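Residue numbers (this note's numbering): 84 to 241.
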């Protein structure tokens, strides 16, 4: 028969719990700093792409990002969208002891830079492209020219 384990004293268990809370809070702060510095912080916001009769519409959800932190370019029929979401503690330093939480209940928000490219199969009327930001959604309208991008069935002969 084995000896039962001796339970930890209540004080000792509470000290361990407190140290773990502080360690997890510190790890999250360091993770957030790495994300906001762009070192590891590449994320992709949700995106919708719709083909209309005369245009391609791209909608990107980027709440909390001012338009001056967003860059949209079109080059060789590839749409590139880049941006940066700043962490509320913009100093880039760890929070002071008094502002650190006791525990984190839920952490889902992402901070840092994002960048992605969207190859387009349609010919785009570049001078008439428009982009606007409203209610945290970036909407880009890419007018199509001609019939480019339509699927054409090509018969194969023997």
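Even for Gly, the Cβ is constructed at its ideal location relative to N, Cα and C. Treat the numbers as computed from the prediction; the structure is a model and nothing was measured.
Burial of residue 143 is indicated by the presence of at least 16 other C-beta atoms within 10 angstroms of its C-beta. Less than 8 Å separates the beta-carbon of residue 146 from that of residue 219.
Contact annotation, residue 138 with residue 224: C-beta distance approximately 5 Å; criterion of less than 8 Å satisfied. Residue 167 and residue 155 have their C-alpha atoms spaced approximately 12 Å apart. When C-alpha distances from residue 169 are compared across 187, 211, 197, the shortest belongs to 197. In this structure, the beta-carbon distance from residue 161 to residue 99 does not fall below 8 Å. DSSP places residue 100 in the helix class (H, G or I) of the three-state scheme. Judged by DSSP secondary structure, residue 239 falls outside any beta strand (DSSP E); it is assigned neither H nor E. Residue 148 counts as buried, since at least 16 other C-beta atoms from the protein chains shown sit within 10 angstroms of its C-beta. Beta-bridge partners of residue 156 (DSSP): 163.
Here residue 157 is not near residue 214, since their CB atoms are 8 Å or more apart.
Linking residue 222 to residue 191 through their CA atoms gives a straight-line distance of about 24 Å. Following the DSSP letters along the chain, one finds residue 217 inside the beta strand (DSSP E) bounded by residues 213-217.
Residue 153 and residue 106 have their alpha carbons spaced roughly 34 Å apart.
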